[in-house]
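Heads up: the structure comes next, in structure tokens.
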Amino acid sequence: MTPTNSPAPDSPLPTASELASKAGDFRRRMAVIDCETDAALDMTRDRHGRTVHADAAAAARAHRDKAAVEAYATHLAPHAEALLDAARLALDDLPPARHLTGWRAVLDGLASSAAEIRRALDRPAAPGSPAERAQHAALWPHLTAWADHSPIASNLADQRDGRHHQAPLTDEERQLWTDRARAAQIRGALELTESWYAADGQPITLAYLVEDDDSTVVALRGDPGVPGWQVIGHFAHEYEAGKALPAPVPPGVLRSDISQFNRPTPAPELSLQDLIRDVVEGHSAGDASNALLGAVQRGYAAGPMVRLQELLETTSQFASALETAQGRQIAARLSALGRQIEFLTREVEEAAEDLGATVAVLPPHRTPVPRTRPRPAVDTTPPAPPPRASTTARHR
1 MTPTNSPAPD SPLPTASELA SKAGDFRRRM AVIDCETDAA LDMTRDRHGR TVHADAAAAA
61 RAHRDKAAVE AYATHLAPHA EALLDAARLA LDDLPPARHL TGWRAVLDGL ASSAAEIRRA
121 LDRPAAPGSP AERAQHAALW PHLTAWADHS PIASNLADQR DGRHHQAPLT DEERQLWTDR
181 ARAAQIRGAL ELTESWYAAD GQPITLAYLV EDDDSTVVAL RGDPGVPGWQ VIGHFAHEYE
241 AGKALPAPVP PGVLRSDISQ FNRPTPAPEL SLQDLIRDVV EGHSAGDASN ALLGAVQRGY
301 AAGPMVRLQE LLETTSQFAS ALETAQGRQI AARLSALGRQ IEFLTREVEE AAEDLGATVA
361 VLPPHRTPVP RTRPRPAVDT TPPAPPPRAS TTARHR
């Protein structure tokens with residue numbers, strides 16, 4: 001399974017786009033492996049997410065590790081160093097921006113992971129042995145680092161092709177189109193459609209400028225929510241804009257330590273449907289009280305209401321991290337909603353405790369209805385069928 005670490009001497013060197021494509025192939029294969037592993041691990045858990053088949057879960061992870069190693073050996077091992085070299089050359093040519101230091105650290109981390117993987121591929125353990133399992137498990141963090149972060153290296157390599165703004169406006173044209181776009185924004189006729197960041201760290205937004213039942217695609221540089229943004233181009237359609245405008249760079253992440261392929265084991269939790277069913281099937285006030293308390297339970301196995309508050313708080317952090325005027329406004333709204341959910345959670349908890357303290361049961365006259373009806377006796381004459389409506393067809 002040991003791959004060659006470089007192309008054959010007589011073969012042409014791959015282009016930046018080809019190197020980026022190889023990294024894309026690896027990421028797609030890792031995504032498939034991740035989905036298959038999630039499905040296998042789901043089979044090892046009970047309805048609340050607790051692992052009940054530890055051996056099967058360990059086997060699923062071992063299979064995942066081996067498949068990831070094989071995917072890297074197939075798609076990336078011969079090209080990883082060349083991709084990193086191309087990315088570093090492109091990085092050195094970019095104008096100064098806040099994200100470049102982080103990108104350089106990502107490339108250094110990918111180089112370190114590539115070296116670890118290469119050493120293991122050059123000295124593979126005996127197939128099927130415990131040593132091979134341990135070796136593959138040790139490589140998993142390095143493989144997921146490439147799956148998570150190689151889009152940055154791929155994008156930088158593509159930047160070497162040098163897509164820049166091809167049709168800059170003159171100062172007079174820029175001011176004219178900016179004034180038209182600002183007037184349209186005031187009357188609600190500037191429809192934002194897409195946003196990205198250019199390599200220099202400046203946001204670019206596409207919008208439809210609607211005037212007299214006609215629309216033009218315009219590109220804005222800056223935050224459309226605050227004064228100071230400008231129109232940097234106008235186009236007949238979005239495809240033309242995409243060819244002319246600076247290429248997008250990979251967007252950021254909310255938390256730097258999050259990995260798509262290394263999610264924490266889900267905490268056990270009760271769904272709202274389960275809690276509602278517990279109330280419906282309950283007989284005493286304590287049964288209903290326990291269901292409500294399950295919804296507001298805090299800590300490791302938090303209930304749905306607490307999870308909802310966490311969702312609002314996290315989304316508020318995301319909206320604030322967008323660093324736009326509208327993002328900050330929405331972050332404040334979500335934060336206020338989170339506080340309301342916290343207040344409501346305390347109210348539900350108090351009501352649940354009061355309900356449990358009633359020490360009551362449902363009265364016996366609330367009798368269940370049998371799901372099956374008694375069958376008639378054998379010698380009982382069945383009732384006459386209802387008169388059948390006439391089936392005579394009518395002709396118009």
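Counting in the UniProt record's numbering, the final residue of the sequence shown is number 396, and the numbers go up one at a time with none missing.
Think of the CB as a built atom: it goes at the ideal place given N, C-alpha and C, for glycine as much as any other residue.
To which residues of the same chain is residue i closer than 7 Å at the C-beta, ignoring the five residues directly before and after it?
i	result
A80	A114
T2	For T2, the pLDDT reaches just 47, beneath the cut-off of 50, and the residue's location in the model is therefore unreliable, although a value from the coordinates is still provided. Contacts found: L121, D122, P124.
residue 408	The first residue shown for the chain is 1 and the last is 396, placing residue 408 beyond what the model contains.
Using alpha carbons as the reference points, say which of the options lies closest to residue i.
i	options	result
V69	T178, I152, R277, L139	L139
H48	E310, E269, T367, A181	E269
L272	R263, V306, G252, K22	V306
P96	A183, Q202, E132	Q202
R119	A207, H136, T144	H136
L192	R182, D179, L206	L206
L41	A54, H237, F343	A54
T144	A56, Q297, Y72	Y72
P151	P370, Q297, A56, L76	L76
A284	I186, R50, D148, P363	For the record, residue 284 in the displayed sequence is Ser; it is not Ala. Ranking the options by Cα distance to S284, first place goes to P363.
P266	R50, F26, M30	R50
G286	A360, E240, A302	A360
A67	R29, S256, A90	R29
Can you look up residue i in the DSSP assignment and give me helix, strand or coil?
i	result
S17	helix
V219	Correcting the residue type first, residue 219 is Ala in the shown sequence and not Val. The answer is strand: DSSP assigns A219 an E or B state.
A207	strand
D214	strand
R396	With a pLDDT of only 41 at R396, under the threshold of 50, the placement of this residue in the model should not be trusted; the figure read from the coordinates follows. Correct three-state label for R396: coil.
L190	strand
T44	coil
I232	strand
Y72	helix
V226	coil
V348	helix
T314	helix
L293	helix
Got a sec? Which residues, its chain only, sit under 8 Å from residue i by beta carbon, not counting five neighbours each side?
i	result
G338	Q309, L312, E313, S316
residue 402	This structure gives no information on residue 402, because the portion of the chain shown stretches from 1 to 396.
D179	none
V210	A184, A189, L190, E191
L19	H79, A82, L83, A86, S154, A157
S335	L312, E313, S316
Looking only at DSSP bridge pairs, what is residue i linked to?
i	result
A277	Just to set this straight, residue 277 is Arg in the shown sequence, not Ala. The partner list for R277 (beta bridge, DSSP) is empty, contrary to what the question assumes.
W103	According to DSSP, which records beta bridges pairwise, W103 is partnered with nothing at all.
Y197	P203
T51	R45
S284	V361
By Cβ distance below 6 Å, which residues in the same chain neighbour residue i in space, the five residues on each side in sequence not counted?
i	result
E172	none
D278	A291
D92	none
> With contact counted as at least three CB pairs below 8 Å, one residue from each stretch, are the stretch 277-293 and the stretch 349-360 in contact?
Replying inline: yes
> Would you call the stretch 31-40 and the stretch 54-64 in contact, with 3 or more CB pairs under 8 Å?
Replying inline: yes
> At a cut of 8 Å, does the stretch 243-261 reach the stretch 183-202 through at least three beta carbon pairs?
Replying inline: yes
> For the 8 Å Cβ check, are there 3 or more pairs between the stretch 315-331 and the stretch 256-263?
Replying inline: no
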